[in-house]
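See structure below.
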Amino acid sequence: MGKWQTTYATECGHEVHILEEWDRPRFCKECKAANDAKWYDKSCEECGTTIHVCRDWDHEPRVCKTCKAAREAKWYDKSCEHCGKTIRANRDWDHPPKFCDECKREYSPKNADCEHCNSTFTIPMGTQINCKEHGWDLPKKCPECREKFRHKPFKTVREETFLGKTVFRTYNSIGQLISESSDEKTFWTGTDQRRHKSPTGNTIGITRQKERFWTGTPYRETKRPDGSVKSTAEEKTRLLTGQQYTESTGGASGTKHTTTTKTSWWTGKKYRETK
Ligand SMILES: [Zn+2]
Ligand SMILES: [Zn+2]
Ligand SMILES: [Zn+2]
Ligand SMILES: [Zn+2]
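Just add 1448 to the spot in the sequence shown (first one is 1) and you have our numbering.
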């Protein structure tokens, strides 16, 4: 039989009576009972393993250590594809985010009115960011109009309406109507002008005859309904062939287009082709 001794518990510091060969306990009897009462068992919400939880903890854990580590391992850092800021992504997500929250807010999808047909269309986040990165203007036309405008060259044909009025209809290379123009006089001054409308009846421009200030060369100027200049066009003659053509400059990019008169081999009718 060993010898009894009186010593102190390592944690609570109270007196304890133990055999000499025993290790010193952390608590005295009373403190051990109180400490034990603080702990309870619960099941891991994921694997069902028993977890020991202390009432002193701020948050009751929902999963065991192993499951918690597995959950954390699913998170990884990636860079925002626009600004490079670190974003957290989870391997369980079907579509990891491409952009950080700030970029998402700044470039959230927005609506715009098509300058051609006036319909409202949405500019997606990716398009906005792509335009920003390339220094491009945001699209001004709706996807349907953009698709129509892709099919070049355009053909302008002189046609008549049901009421016998002359109209100039411009079609793309696959025969879709792009715009319709007709001549008119302004109400107040009687100035001649040509009004261009989209197939939806939206006025997209008005062309008037002008003269260059210094040279007096005539040219045509097409303005948007808001008064800004959409394009200018001037009659020119090719040096070598003597062929007449119209050179027009317009659009945000200031692209030059040439229009020549051609004759349809099918109907024998003349039409104007814009490249
Ligand atoms: Zn104690
Ligand atoms: Zn678990
Ligand atoms: Zn970002
Ligand atoms: Zn449109």
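Where a beta carbon is used, it is the ideal one built from N, C-alpha and C, also for glycine.
So which of the options has the shortest CA-CA distance to residue i?
i: T1609; options: R1617, Y1693 and K1603; result: R1617
i: P1572; options: C1565, G1583 and P1591; result: P1591
i: S1696; options: L1688, T1707 and H1462; result: T1707
i: Q1624; options: T1648, W1636 and V1501; result: T1648
i: E1468; options: K1451, W1584, D1506 and K1480; result: K1451
i: K1552; options: E1563, H1530 and F1569; result: H1530
i: N1620; options: T1604, H1564, E1520 and T1634; result: T1604
i: F1597; options: T1568, G1583, T1534 and H1564; result: H1564
Tell me whether the beta-carbon of residue i lies closer than 8 Å to the beta-carbon of residue j.
i: A1518; j: K1526; result: no
i: P1729; j: R1594; result: Residue 1729 is absent from the structure shown; the chain starts at 1449 and stops at 1723.
i: K1522; j: D1549; result: no
i: G1698; j: K1678; result: yes
i: C1502; j: K1486; result: yes
Taking 7 Å as the cut-off, does the CB of residue i come closer than this to any heavy atom belonging to ligand 1?
i: H1462; result: yes
i: A1457; result: yes
i: F1475; result: yes
Within the present structure, is the beta-carbon of residue i separated from the nearest heavy atom of ligand 2 by less than 7 Å?
i: T1498; result: no
i: T1728; result: The first residue shown for the chain is 1449 and the last is 1723, placing residue 1728 beyond what the model contains.
i: P1501; result: Correcting the residue identity first, residue 1501 is Val in this sequence and not Pro. Checking every heavy atom of ligand 2 against the Cβ of V1501, none is found closer than 7 Å.
From the DSSP output, which residues share a beta bridge with residue i?
i: N1538; result: W1523
i: D1640; result: K1633
Would you say the beta carbon of residue i is closer than 7 Å to some non-hydrogen atom of ligand 4?
i: H1644; result: no
i: H1582; result: no
i: C1528; result: no
i: H1564; result: yes
i: S1567; result: yes
Is residue i a contact residue of ligand 3, with contact defined as CB to any heavy atom under 7 Å?
i: E1550; result: yes
i: K1546; result: no
i: N1531; result: It is Cys, not Asn, that sits at residue 1531 in the sequence shown. For ligand 3, at least one heavy atom lies less than 7 Å from the Cβ of C1531.
Would you call the segment 1641–1649 in contact with the segment 1615–1632, where contact means no fewer than 3 C-beta pairs closer than 8 Å? Below 8 Å, enough C-beta pairs join the segment 1641–1649 and the segment 1615–1632 to call them touching: three or more.
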